[in-house]
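**Student:**
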Amino acid sequence: MIAEFSDEDEVGRYVGAMRDQLVAGALDERAARAAHAIGRGAADPAAAVLAALPEEAAGPPSSGQAEIKSPFFSRSPAVSLLQTSLEHEARKSGAVHKPRHRGVFAHIVGFVESILHPERFGPHDGEWVTRVAEATLDRLAKGNHPFNPRPAEHEISEDDARIVIVGDWGSGLPRAREVAALMAEEVTQALAARRPVHVVHLGDVYYSGDPVEYERRVLAEGLWPVTLEQARAGVTSWSLNGNHDMYSGGWGYFQTLLGEERFSNQRSSDGRPTSFFRIKTPSWDLVGLDTSWDPEVLSLGQKGVLADPQATVLGGWAAESDRKLMLLSHHQLVSSYDLGDLGSVLPHKLEPLLDSKRITAWLWGHEHRCMGFADVHGIPFLRCIGHGGIPVPATAENAKIPPPGVWQEFGSFEEHDARWNSFGFAILDFDGPRATIRYRDDHGTQTRIEHIA
52 MIAEFSDEDE VGRYVGAMRD QLVAGALDER AARAAHAIGR GAADPAAAVL
102 AALPEEAAGP PSSGQAEIKS PFFSRSPAVS LLQTSLEHEA RKSGAVHKPR
152 HRGVFAHIVG FVESILHPER FGPHDGEWVT RVAEATLDRL AKGNHPFNPR
202 PAEHEISEDD ARIVIVGDWG SGLPRAREVA ALMAEEVTQA LAARRPVHVV
252 HLGDVYYSGD PVEYERRVLA EGLWPVTLEQ ARAGVTSWSL NGNHDMYSGG
302 WGYFQTLLGE ERFSNQRSSD GRPTSFFRIK TPSWDLVGLD TSWDPEVLSL
352 GQKGVLADPQ ATVLGGWAAE SDRKLMLLSH HQLVSSYDLG DLGSVLPHKL
402 EPLLDSKRIT AWLWGHEHRC MGFADVHGIP FLRCIGHGGI PVPATAENAK
452 IPPPGVWQEF GSFEEHDARW NSFGFAILDF DGPRATIRYR DDHGTQTRIE
502 HIA
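Each residue of the sequence shown is one higher than the one before, starting from 52 at the first, in the working numbering.
The following block contains the structure:
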């Protein structure tokens, strides 16, 4: 990442500069196409786009609001697209370099690049701002990739599969890379033990899920924990759709990520990439739901949704056998901290299944933490595994966990007089109808082990 573009104050200055150009009419042609895509502002396109930008500064962060200064990942689609455009245009222009002195977040974020000429490639350079703003509006004008209503299905004949799970991992940061290397160890160990093994990402590639961000932060050589050789030997890769994946319309998610060979199992029966799926073992149905796709181009995506016909398909799968049911999603069903992100769509659309007490476990990401919850909605095992790739200021170890939370990972590291939560992932090992879940942090330490009966 480039230092200036994950600095909240600097991003806020760029938002202000883009607003000024929209008001001045310098972006009218691009704004008209963007306004058409978002379905607003035929009479005043610039006003429609202005409404999508925060009124002040850079707006709220994706997660981890804190007193201390944090690397900034926006929860605004328009600002996330702006961050993507800044980084992409800066690289195209050759406007970055590797500084001798790394920034305050060097260890956390790996700032090995910075702007070469801040006065030329900065928010006060009108020509540069116009170029970046036009790139942002062009991305917005593409609209959203169509939703595929057909799921992918994959059957594992053995009853001892391993599923490696990580959430909110696609930042490309050094600690996220360390997590990926440890995940790769789990894959290699399973193969050595002749155990079927598969890897699932619970969603979110930053800043906005642009195709180039998948190429740089997920698919680049040595990043994703499954090699092409392993994929050809039967190790499958899966990824859920997160709100950041949709901020650039989902084009990078559906076409770049799911179009790559290692993700080739995530296709519907007609060969198209799809964002929901079932992995079936003799004893379990593991169902990945798309809780992010929304026809609204500028949806913030903070609350989970469920495009049709997912609920109907899921109900059919649940009724066809007595296999245990585990749901995987990007968004949460319950929360202890981000109560404003809880929506009504998931519990409403899945009400018959929840009432039947048919779900054994549900794992999700979205919140950038790792924690467990008490039985809610008749689901005995509820876990958030969203700590794969985003730095969040640490929670005090003696902090009281609000209900329905029952435990939380408090592992942390210190950097520049501040403490940050450790990154991590989870490993599911199945043994017939039973499963064991282990949690590992970015140091490789196994922090917790649980059993799902």
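Using N, Cα and C, we set each Cβ at its ideal position, and we do this for glycine too.
Once DSSP output is grouped into helix, strand and coil, what is the label at G76?
**Tutor:** Note: G76 maps to coil in three-state DSSP.
**Student:** Enumerated in chain order, which unbroken segments of the alpha helix (DSSP H) with a length of 4 residues or greater are wholly contained in the region 204 to 283?
**Tutor:** Whole alpha helix (DSSP H) segments, 4+ residues: 225 to 243, 262 to 268 and 279 to 283.
**Student:** Inspect the beta-carbon positions of E418 and Q459 and report whether they are closer than 8 angstroms.
**Tutor:** Against a cut-off of 8 angstroms, the Cβ pair of Q459 and E418 comes out as no contact.
**Student:** Is F56 helix, strand or coil when you go by DSSP?
**Tutor:** In this structure, F56 counts as helix in the three-state DSSP scheme.
**Student:** With 16 as the cutoff for other CB atoms within 10 Å, does Q281 come out buried or exposed?
**Tutor:** With 16 or more Cβ atoms within 10 Å of its Cβ, Q281 is classed as buried.
**Student:** Using C-beta distances below 8 angstroms, list every residue in its chain close to R323, excluding the 5 sequence neighbours before and after it, in chain order.
**Tutor:** Cβ neighbours of R323 beyond the five flanking positions: N199 and R201.
**Student:** Once DSSP output is grouped into helix, strand and coil, what is the label at D482?
**Tutor:** Looking at D482 - three-state DSSP - the assignment turns out to be strand.
**Student:** Does the beta-carbon distance from K354 to G394 come in below 8 angstroms?
**Tutor:** Cβ distance < 8 angstroms, so K354 and G394 count as in contact.
**Student:** By the 10 Å Cβ neighbour count, where 16 or more other Cβ atoms means buried, how is Q497 classified, buried or exposed?
**Tutor:** It counts as exposed.
**Student:** Could you have a look at K451 and say whether DSSP puts it in helix, strand or coil?
**Tutor:** The answer is coil: DSSP assigns K451 none of H, G, I, E or B.
**Student:** How is H152 classed by DSSP in three states: helix, strand or coil?
**Tutor:** For H152, the predicted model reports a pLDDT of 49, less than 50, meaning its position is unreliable and no value from the coordinates is stated.
**Student:** Is it the case that the Cβ atoms of S288 and V250 are separated by a distance below 8 angstroms?
**Tutor:** Contact: yes.
**Student:** Would you please state the rounded distance, in angstroms, between the beta carbons of D215 and V238? I believe it to be under 8 angstroms.
**Tutor:** What sits at residue 215 in the sequence shown is Val, not Asp. The Cβ separation is near 6 angstroms, so the contact holds.
**Student:** Rounding to the nearest angstrom, what Cα-Cα distance links R295 and H428 in this structure?
**Tutor:** Sequence inspection shows His at residue 295; the Arg mentioned does not correspond to that position. Looking at the two C-alpha atoms, the distance is approximately 27 angstroms.
**Student:** Can you say whether H175 is buried or exposed, counting buried as having 16 or more other CB atoms within 10 angstroms of its CB?
**Tutor:** Looking at its Cβ environment, which holds fewer than 16 other Cβ atoms inside 10 Å, H175 is exposed.
**Student:** Can you give me the C-alpha to C-alpha distance between R226 and V385, rounded to a whole angstrom?
**Tutor:** The straight-line gap from Cα to Cα measures roughly 27 angstroms.
**Student:** Going by DSSP in three states, I89 sits in which element: helix, strand or coil?
**Tutor:** Helix at I89.
**Student:** Tell me, to the nearest whole angstrom, how far the beta carbon of L132 is from that of S299; I am working on the premise that it is less than 8 angstroms.
**Tutor:** L132 to S299, Cβ: 6 angstroms. Contact.
**Student:** Determine the extent of the beta strand (DSSP E) in which K375 is found, giving its start and end residues.
**Tutor:** K375 to S380 is the span of the beta strand (DSSP E), which, as asked, contains K375.
**Student:** How would you label Q240, buried or exposed, when you count the other beta carbons within 10 angstroms and need 16 or more for buried?
**Tutor:** Burial call: exposed.
**Student:** Taking contact to mean at least 3 C-beta pairs separated by less than 8 angstroms, is the region 344 to 358 in contact with the region 396 to 404?
**Tutor:** Segments in contact, yes.
**Student:** Can the beta-carbon of G301 be found less than 8 angstroms from the beta-carbon of H196?
**Tutor:** Taking 8 angstroms as the Cβ cut-off, G301 and H196 qualify as a contacting pair.
**Student:** Report yes if the CB atom of L308 is closer than 8 angstroms to the CB atom of Y257, and no otherwise.
**Tutor:** For L308 and Y257, no; Cβs fall outside 8 angstroms.
**Student:** List, from N- to C-terminal side, the alpha helix (DSSP H) runs of 4 residues or more that fit wholly inside the region 361 to 415.
**Tutor:** Within the region 361 to 415, the complete alpha helix (DSSP H) runs of at least 4 residues are 361 to 370, 396 to 400 and 402 to 406.
**Student:** Just confirm the distance between the C-beta atoms of L378 and I410, as a whole number of angstroms; I'd bet it's less than 8 angstroms.
**Tutor:** About 6 angstroms separates the two Cβ atoms, so the contact holds.
**Student:** To the nearest angstrom, how far is it from the Cα of N449 to the Cα of S113?
**Tutor:** Distance between the alpha carbons of N449 and S113: 25 angstroms.
**Student:** Quick one: is H502 buried, meaning 16 or more other Cβ sit within 10 Å of its Cβ, or exposed?
**Tutor:** That one is exposed.
**Student:** Could you check if M52 is buried or exposed, using at least 16 other CB atoms within 10 Å of its CB as the buried criterion?
**Tutor:** Classification of M52: buried, given that the 10 Å Cβ count is 16 or more.
**Student:** According to the Cβ coordinates, are S121 and A109 closer than 8 angstroms?
**Tutor:** No, Cβ-Cβ distance for S121 and A109 is not below 8 angstroms.
**Student:** For my contact list, V66 and P105 are in at a C-beta cut-off of 8 angstroms; report their separation, rounded to the angstrom.
**Tutor:** That belief holds up - the Cβ atoms of V66 and P105 are roughly 6 angstroms apart, short of 8 angstroms.
**Student:** Taking G177 as part of the alpha helix (DSSP H), name the residues at either end of that continuous run.
**Tutor:** Run containing G177: G177 to A192, per the alpha helix (DSSP H) assignment.
**Student:** Going straight from the alpha carbon of G437 to that of E466, what length do you get?
**Tutor:** Each residue's alpha carbon lies about 21 angstroms from the other.
**Student:** Alpha carbon to alpha carbon, what distance is there between G462 and A212?
**Tutor:** Distance between the alpha carbons of A212 and G462 is about 28 angstroms.
**Student:** Pop quiz: S136 and T181 are said to be a contact at Cβ under 8 angstroms. What is the actual Cβ separation, rounded to whole angstroms?
**Tutor:** Incorrect: roughly 11 angstroms between the Cβ atoms, too far for contact.
**Student:** Beta-carbon within less than 7 angstroms of W471's beta-carbon, same chain only, minus the 5 sequence neighbours each way: which residues are those?
**Tutor:** Hits under 7 angstroms: I159, P442, V443, P444, A445, S463 and F464.
**Student:** In whole angstroms, what separates the C-alpha of L433 from that of G303?
**Tutor:** So the alpha carbons of these two residues sit roughly 30 angstroms apart.
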